[in-house]
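Quick notes on the structure that follows.
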Amino acid sequence: MEEIKTAFEIAMEKAAEIGEPTKEEREKIKAQERLNSILARFNKEEIDANELWKLLKEEGKEEIFKEAQKRLIESLRLKDSLHETQRKREGILAIETLKEDKKIPEVEALLNTLQEIQKRYDEEMKMAYNNFRIQVERNPELRIREIQQQDTKIVVQLSVEDAIEQLPEWRYFLSELNTRYESKFQEILNRLLEVIK
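Residue 22 is where the sequence shown starts when you use my numbering, and the numbers rise one by one after that.
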């Protein structure tokens, strides 16, 4: 009669089959840990692109360069500050110079496109916000809200900024703007990820 094994016994057998990590696997794990540490320091602004370049050069492995670059690219966001985007851009380009198959012009052109998308997004949002601001300032009724508290209605006068945030037209505009620009931004990010492979 066959012996019935517990889930624990089955798991232990599988673990024994897998065995200890090989020397190569251990080295890969250590390299990933070092990369995590380097990128964390870069993201916290403890090091700049030049120091990032030096530390990664010491690692000396193409796969580490590509992984570091991929992570920096994937961390780019449409709503990042110009400073943050510029720092990441410098880091991405610094890493590109370490790679054997350098594609600096293509990477730089796509990074320029990303920054241009961010700039147009900011400009379009600011222009629309100013137009909504003018409307709200000219029409004081847009700044008045009734709030129901138990059995009483309270009339509250909102600031211009709060009134804009409450407008359905503003919310709709923001939703459309974000959808449109996020789509463009993501398309360029995907192209950039393809170029650095």
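Note that beta-carbon positions come from the ideal geometry of N, C-alpha and C, so glycine has one too. Predicted model, so just to flag it, every value in this text is computed and none were measured.
Taking the C-alpha atoms as reference points, what is the distance between residue 22 and residue 61?
As a working mapping, residue 22 is identified with position 1 in the sequence shown. As a working mapping, residue 61 is identified with position 40 in the sequence shown. In this prediction, residue 22 scores a pLDDT of 46, lower than 50, which makes its location untrustworthy; no coordinate-derived value is stated.
Rounded to whole angstroms, what's the CA-CA distance from residue 149 to residue 205? Just pull it up for me.
As a position in the sequence shown, residue 149 is number 128, starting the count at 1. As a position in the sequence shown, residue 205 is number 184, starting the count at 1. Whole-angstrom Cα-Cα distance: 19 Å.
What does DSSP give as the partner residue(s) for residue 174 in the beta ladder?
For the purposes of this step, residue 174 is identified with residue 153 of the sequence shown, where counting begins at 1. According to DSSP, which records beta bridges pairwise, residue 174 is partnered with 169.
Ordered along the chain, which non-local residues of its own chain (more than five positions away) have a Cβ less than 8 Å from that of residue 11?
Absent from the structure is residue 11, since the part of the chain shown begins at 22 and ends at 218.
Using CA coordinates, which residue listed in 178, 95, 109 is at the minimum distance from residue 168?
In the sequence shown, counting from the first residue as 1, residue 168 sits at position 147. It is 178.
Count the C-beta pairs between the stretch 105–118 and the stretch 153–171 that are closer than 8 Å, then say yes if the count reaches three, no if not.
no
Closest to residue 212 by C-alpha separation, out of 127, 162, 143, would be which residue?
Start at 1 with the first residue of the sequence shown, and residue 212 comes out as number 191. Among 127, 162, 143, the Cα nearest to that of residue 212 is on 127.
If you scan the stretch 28–100 from start to end, which runs of the alpha helix (DSSP H) of 4 or more residues do you find wholly inside it?
28–39, 44–64, 70–80, 83–95
Pairing CB atoms from the stretch 80–91 with CB atoms from the stretch 54–69, are three or more of them under 8 Å?
yes
Leaving out five residues before and five after residue 187 in sequence, what residues of the same chain have Cβ atoms less than 8 Å from its Cβ?
Counted from its first residue, the sequence shown places residue 187 at position 166. For residue 187, where only same-chain residues beyond five positions count, the Cβ hits under 8 Å are 166, 179.
Just curious, the alpha helix (DSSP H) that residue 137 is in, first and last residue?
Along the sequence shown, one-based indexing puts residue 137 at 116. Its alpha helix (DSSP H) spans residues 125–159.
Would you give the residue range spanned by the alpha helix (DSSP H) that residue 204 belongs to?
Within the sequence shown, numbered from 1, the residue matching residue 204 stands at position 183. Looking at the DSSP string, the run of the alpha helix (DSSP H) that includes residue 204 is 189–216.
Closest to residue 6 by CA distance: which of 96, 99, 52 is it?
Any question about residue 6 goes unanswered here, given that the chain covers just 22 to 218.
Let me check understanding here. Comparing Cα to Cα, which of 102, 108, 48 lies closest to residue 74?
Locating residue 74 in the sequence shown gives position 53, counting from the first residue. When only C-alpha atoms are compared, the closest one is 108.
In angstroms, rounded to a whole number, what distance separates the CA positions of residue 140 and residue 99?
Here residue 140 refers to the residue found at position 119 when the sequence shown is read from its first residue. Here residue 99 refers to the residue found at position 78 when the sequence shown is read from its first residue. Rounded to the nearest angstrom, the two C-alpha atoms are 9 Å apart.
Following the continuous alpha helix (DSSP H) through residue 109, name the residue where it begins and the one where it ends.
What you label residue 109 is simply residue 88 of the sequence shown in a count that begins at 1. Segment 103–117, the alpha helix (DSSP H) holding residue 109.
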